[in-house]
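Undergrad: According to this note's numbering, the first sequence is numbered sequentially starting from 11. Ideal Cβ positions, reconstructed from N, Cα and C, are used throughout, including at glycine.
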Amino acid sequence: MTLRLFDTLTRRLQPVEPLRDQEIRMYTCGPTVYNRVHIGNFRTFLFEDVLRRWLERRFERVVHVMNLTDVDDRIINNARESGHSLDEETAPWIAAFFEDRDTLGIRPAHHYPRATEYVAQMVELIERLEREGAAYRREGSVYFHIPAFPAYGRLSGISADQLIAGASGRVDADDYTKEDVRDFALWKAVAPGQAGWDSPFGRGHPGWHIECSAMSMTLLGESFDIHCGGVDNIFPHHENEIAQSEAATHKQFVRMWVHSEHLRVDGEKMARRTGRFLRVPEVLEQGASAAALRYLLAASTHYRKPLNYSDEPLAASREAVERLVSFRDRLRELQPSGEDEDTELADDAVLTAVRQARTGFDDAMDDDLNLPEAMGAVFASLRDINRVLDGAPSGGEALHAVRSLLDEVDDVLGVFPLVDRERELAGGLDEEEESLLQQRAAARQARDFALSDRLREELARRGIDIDDTPGGQRWKRSA
RNA sequence: GGCGACGUAGCCAAGUGGUAAGGCAGAGGUCUGCAAAACCUUCAUCGUGGGUUCGAUUCCCACCGUCGCCUCCA
Numbered sequence: 011m012t013l014r015l016f017d018t019l020t021r022r023l024q025p026v027e028p029l030r031d032q033e034i035r036m037y038t039c040g041p042t043v044y045n046r047v048h049i050g051n052f053r054t055f056l057f058e059d060v061l062r063r064w065l066e067r068r069f070e071r072v073v074h075v076m077n078l079t080d081v082d083d084r085i086i087n088n089a090r091e092s093g094h095s096l097d098e099e100t101a102p103w104i105a106a107f108f109e110d111r112d113t114l115g116i117r118p119a120h121h122y123p124r125a126t127e128y129v130a131q132m133v134e135l136i137e138r139l140e141r142e143g144a145a146y147r148r149e150g151s152v153y154f155h156i157p158a159f160p161a162y163g164r165l166s167g168i169s170a171d172q173l174i175a176g177a178s179g180r181v182d183a184d185d186y187t188k189e190d191v192r193d194f195a196l197w198k199a200v201a202p203g204q205a206g207w208d209s210p211f212g213r214g215h216p217g218w219h220i221e222c223s224a225m226s227m228t229l230l231g232e233s234f235d236i237h238c239g240g241v242d243n244i245f246p247h248h249e250n251e252i253a254q255s256e257a258a259t260h261k262q263f264v265r266m267w268v269h270s271e272h273l274r275v276d277g278e279k280m281a282r283r284t285g286r287f288l289r290v291p292e293v294l295e296q297g298a299s300a301a302a303l304r305y306l307l308a309a310s311t312h313y314r315k316p317l318n319y320s321d322e323p324l325a326a327s328r329e330a331v332e333r334l335v336s337f338r339d340r341l342r343e344l345q346p347s348g349e350d351e352d353t354e355l356a357d358d359a360v361l362t363a364v365r366q367a368r369t370g371f372d373d374a375m376d377d378d379l380n381l382p383e384a385m386g387a388v389f390a391s392l393r394d395i396n397r398v399l400d401g402a403p404s405g406g407e408a409l410h411a412v413r414s415l416l417d418e419v420d421d422v423l424g425v426f427p428l429v430d431r432e433r434e435l436a437g438g439l440d441e442e443e444e445s446l447l448q449q450r451a452a453a454r455q456a457r458d459f460a461l462s463d464r465l466r467e468e469l470a471r472r473g474i475d476i477d478d479t480p481g482g483q484r485w486k487r488s489a
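1) Assign lysine 315 to one of two classes, buried (16 or more other C-beta atoms within 10 Å of its C-beta) or exposed (fewer than that).
2) Are the beta-carbon atoms of threonine 38 and cysteine 238 separated by less than 7 angstroms?
3) For phenylalanine 287, which three-state DSSP category applies?
4) Could you check the C-alpha separation between valine 360 and leucine 135 for me, to the nearest Å?
5) So which of Asp394, Val398, Glu232 and Gly406 has the shortest CA-CA distance to threonine 259?
6) Under a Cβ-count criterion, where at least 16 other Cβ atoms within 10 Å of its own Cβ denotes burial, should asparagine 87 be classed as buried or exposed?
7) With DSSP as the reference, label valine 72 as helix, strand or coil.
8) Going by beta carbon distance, what residues of the same chain come within less than 7 angstroms of tryptophan 103, once the five residues before and after it are set aside?
9) Return yes when at least one heavy atom of the ligand PLP lies under 6 angstroms from the C-beta of tryptophan 485, else no.
10) Between which two residues does the beta strand (DSSP E) holding cysteine 238 run?
11) Alpha carbon to alpha carbon, how far is isoleucine 116 from phenylalanine 52?
12) Buried or exposed, going by whether 16 or more other CB atoms sit within 10 Å of the CB of phenylalanine 154?
13) Beta strand (DSSP E) containing phenylalanine 154: first to last residue?
14) With 16 as the cutoff for other CB atoms within 10 Å, does glutamate 41 come out buried or exposed?
15) Locate the beta strand (DSSP E) running through glutamine 483, then write down its first and last residues.
16) Within 10 angstroms of its Cβ, does threonine 479 collect 16 or more other Cβ (buried), or is it exposed?
17) Taking a contact to mean a Cβ-Cβ separation below 7 angstroms, would you say glutamate 249 touches leucine 165 in this structure?
18) Would you tell me roughly how many angstroms separate the C-alpha atoms of arginine 62 and tyrosine 319, rounded to the nearest one?
19) Report yes if the C-beta distance between histidine 219 and glutamate 251 is below 7 angstroms; otherwise report no.
20) Output the distance between the C-alpha atoms of arginine 265 and alanine 130, rounded to the nearest integer angstrom.
21) Report the residue from Asp31, Arg340 and Glu443 whose alpha carbon sits nearest the alpha carbon of leucine 409.
22) Within 10 angstroms of the Cβ of glutamate 278, are there 16 or more other Cβ atoms? Answer buried if so, exposed if not.
23) Quick one: any contact between the stretch 442-454 and the stretch 374-381, if contact means 3 or more CB pairs under 8 angstroms?
24) Are the CB atoms of serine 391 and alanine 363 nearer to each other than 7 angstroms?
25) For leucine 229, which residues of its own chain have a beta-carbon under 7 angstroms away from its beta-carbon, when the five flanking residues on both sides are left out?
26) Quick one: what's got a C-beta closer than 7 angstroms to valine 388's C-beta in the same chain, skipping five residues either side?
27) Considering glycine 214, what are the terminal residues of the alpha helix (DSSP H) in which it resides?
28) Per DSSP, valine 264 is paired with what?
29) How would you call aspartate 185, buried or exposed, if buried means at least 16 neighbouring beta carbons within 10 angstroms?
This is the structure we're talking about:
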């Protein structure tokens with residue numbers, strides 16, 4: 011089976027076929043670094059991470075570019091108010107973004123182009139648009155002339171006259187004068203002394219949309235495979251990107267557009283402007299694990315369905331991760347048995363379950379990245395395997411197959427490294443705790459269960475949970 | 001007003017023209033010194049009303065409800 015994804019432009023599933031042999035070039039819209047990104051933004055970044063990971067399984071090479079928008083009106087205003095340079099203003103937010111990204115185990119993109127470092131390319135692109143008759147100057151600013159691009163509106167399904175109607179009442183929100191309300195700014199003039207760049211059009215700074223066109227085409231070429239973002243980027247951002255890029259190159263800009271749905275709170279889009287949003291550190295402070303948050307945002311719901319953030323689903327995600335981790339722990343402790351008839355039968359059953367899980371997982375992922383369904387297949391087989399392991403010992407080949415399966419699943423899911431990191435941070439036992447643990451082992455040996463239970467309670471008070479297993483005691487820091 | 005999406009058990013959620021994966025929670029059980037883990041059993045007529053069909057949760061229509069976008073929000 012080949013990977014198919016829902017393409018926003020054609021509104022149907024399309025097979026992913028790289029323009030270059032075995033190489034996928036993808037561009038994902040990154041954050042505007044004027045503040046710390048919230049977990050709604052991270053839902054999209056996690057979806058993109060899952061996509062990236064699956065593409066890397068399916069193709070030899072993936073080149074992933076994510077931009078950092080480090081100049082816009084808000085950043086300029088914030089910088090002016092606090093007396094910062096643009097760099098000083100954005101540096102902490104970029105650092106925070108990378109920190110949160112690592113917390114959630116998102117694979118770093120290959121390039122993080124910053125808008126401020128590509129101004130020359132943007133200017134060049136704007137000049138090219140002027141030569142094509144698709145841009146005009148007005149009071150030091152430059153605007154894209156929408157009538158010059160007849161295909162405008164194809165991505166979003168919003169026709170040009172609907173824009174004129176502008177029933178949202180937001181068409182006057184822009185501070186700049188335009189020939190036509192539908193036109194959008196490529197270059198914005200600034201007053202002398204304000205943050206900006208000198209250009210052939212005068213002093214100013216680039217508009218939002220032009221950066222993505224300039225940076226993606228510089229790093230990935232004038233035509234590339236996949237462009238992602240949240241659904242709110244479909245219009246106007248991606249619509250405008252297509253217009254700018256294709257009006258300049260007369261080539262197809264992007265092969266496939268893939269958008270993820272929003273994260274909600276109380277049934278409404280998580281958004282900074284409503285004040286209802288959470289950031290990664292806040293969620294962790296409230297006691298959630300990074301692995302649970304990653305699972306919730308990436309694997310609990312298909313990426314094209316809205317996901318409502320609340321405690322119960324987060325707890326369910328925590329337990330789902332715990333189930334996977336317990337299973338992995340169990341596998342680690344199992345020793346392969348020698349060969350006999352029982353083992354042979356058990357191994358057949360295990361290998362069948364592994365095969366089913368792998369097929370179910372792969373098919374679901376290939377079908378528009380359906381990670382929730384893929385995990386369903388994994389959990390179903392996991393129960394089958396547990397049942398077999400409960401009944402009879404398994405041989406080395408079967409155990410190895412199960413371990414490989416888990417590795418493959420987590421290569422996409424990406425929760426085990428987060429759990430391991432957490433365990434590492436929790437640290438080992440101190441001398442006193444170690445002593446208590448040994449005393450308890452001795453008590454159990456002597457079948458002094460009263461003492462054993464007292465010691466377990468004592469350790470529990472210190473935040474250490476003890477489980478008794480056939481192989482002896484197992485401890486962990488309680489959540 | 002225009003365009004679009006969604007509505008499946010207590011919660012989350014996948015899915016198919018032939019009577020519903022999976023996770024969490026709940027109940028009962030097996031195992032265990034007791035627990036934990038694991039396993040077993042149990043828990044839904046798929047928003048409402050029509051239509052198409054031998055048969056619809058799955059296709060069509062209407063309605064109700066929720067949400068998103070309509071110029072700079074992932």
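TA: The short version:
1) For this step, residue 315 is matched to residue 305 along the first sequence. Flag for lysine 315 reads exposed.
2) For the purposes of this step, residue 38 is taken as the residue at position 28 of the first sequence. For the purposes of this step, residue 238 is taken as the residue at position 228 of the first sequence. Against a cut-off of 7 angstroms, the Cβ pair of cysteine 238 and threonine 38 comes out as a contact.
3) If you number the first sequence from 1, residue 287 lands on position 277. Phenylalanine 287: coil per DSSP, three-state reduction.
4) If you number the first sequence from 1, residue 360 lands on position 350. If you number the first sequence from 1, residue 135 lands on position 125. Looking at the two C-alpha atoms, the distance is approximately 58 angstroms.
5) Along the first sequence, one-based indexing puts residue 259 at 249. Checking every option, the nearest Cα to that of threonine 259 belongs to Glu232.
6) Here residue 87 is taken as the residue at index 77 of the first sequence, counted from 1. Result: exposed.
7) On the first sequence, residue 72 is found 62 positions in, with the first residue counted as 1. Here valine 72 sits in strand by DSSP.
8) Residue 103 sits at position 93 when you count from the first residue of the first sequence. The residues are Val43, Tyr44, Asn45 and Arg46.
9) Inclusion of the ligand PLP in the displayed structure is not the case, the ligand content being empty and no account of it being possible.
10) Translated into positions along the first sequence, residue 238 becomes position 228. Looking at the DSSP string, the run of the beta strand (DSSP E) that includes cysteine 238 is 234-240.
11) What you label residue 116 is simply residue 106 of the first sequence in a count that begins at 1. What you label residue 52 is simply residue 42 of the first sequence in a count that begins at 1. About 10 angstroms.
12) By one-based count along the first sequence, residue 154 stands at place 144. It is buried - the Cβ of phenylalanine 154 has at least 16 other Cβ atoms within 10 Å.
13) What you label residue 154 is simply residue 144 of the first sequence in a count that begins at 1. Phenylalanine 154 -> beta strand (DSSP E) spans 151-154.
14) What you label residue 41 is simply residue 31 of the first sequence in a count that begins at 1. Just to set this straight, residue 41 is proline in the shown sequence, not glutamate. Buried, by the Cβ-count rule.
15) The residue you call residue 483 lines up with position 473 of the first sequence. Element bounds for glutamine 483: 482-487.
16) Against the first sequence, residue 479 aligns to sequence position 469. By the neighbour-count rule (16 or more Cβ atoms within 10 Å), threonine 479 is not buried but exposed.
17) Position 239 of the first sequence holds residue 249. Position 155 of the first sequence holds residue 165. Cβ atoms of glutamate 249 and leucine 165: closer than 7 angstroms.
18) By one-based count along the first sequence, residue 62 stands at place 52. By one-based count along the first sequence, residue 319 stands at place 309. Roughly 24 angstroms between the two C-alpha positions.
19) As a first step, residue 219 must be located in the first sequence, where it is residue number 209. As a first step, residue 251 must be located in the first sequence, where it is residue number 241. Yes, Cβ-Cβ distance for histidine 219 and glutamate 251 is below 7 angstroms.
20) By 1-based counting over the first sequence, the position of residue 265 is 255. By 1-based counting over the first sequence, the position of residue 130 is 120. Computed Cα separation, rounded: 26 angstroms.
21) For the purposes of this step, residue 409 is taken as residue 399 along the first sequence, with counting starting at 1. The candidate whose alpha carbon is nearest that of leucine 409 is Arg340.
22) Stepping through the first sequence from its first residue, residue 278 is reached at position 268. By the neighbour-count rule (16 or more Cβ atoms within 10 Å), glutamate 278 is not buried but exposed.
23) no
24) Residue numbering aside, residue 391 sits at position 381 when the first sequence is read from its first letter. Residue numbering aside, residue 363 sits at position 353 when the first sequence is read from its first letter. Yes, these two residues count as a Cβ contact at 7 angstroms.
25) Mapped onto the first sequence, residue 229 falls at position 219. Val75, His121 and Pro123, listed in sequence order.
26) The sequence position of residue 388 within the first sequence is 378, counting from 1. Within the same chain, valine 388 has close Cβ partners Ala367, Phe371 and Val419.
27) The residue given as residue 214 occupies position 204 in the first sequence. Per DSSP, glycine 214 belongs to no alpha helix (DSSP H); it is in the beta strand (DSSP E), 214-216.
28) Translated into positions along the first sequence, residue 264 becomes position 254. Bridge partners of valine 264: Phe234.
29) Stepping through the first sequence from its first residue, residue 185 is reached at position 175. Note that aspartate 185 scores 43 on pLDDT, short of 50, meaning its location in the model is unreliable; the coordinates nonetheless yield the value given after this. Result: exposed.
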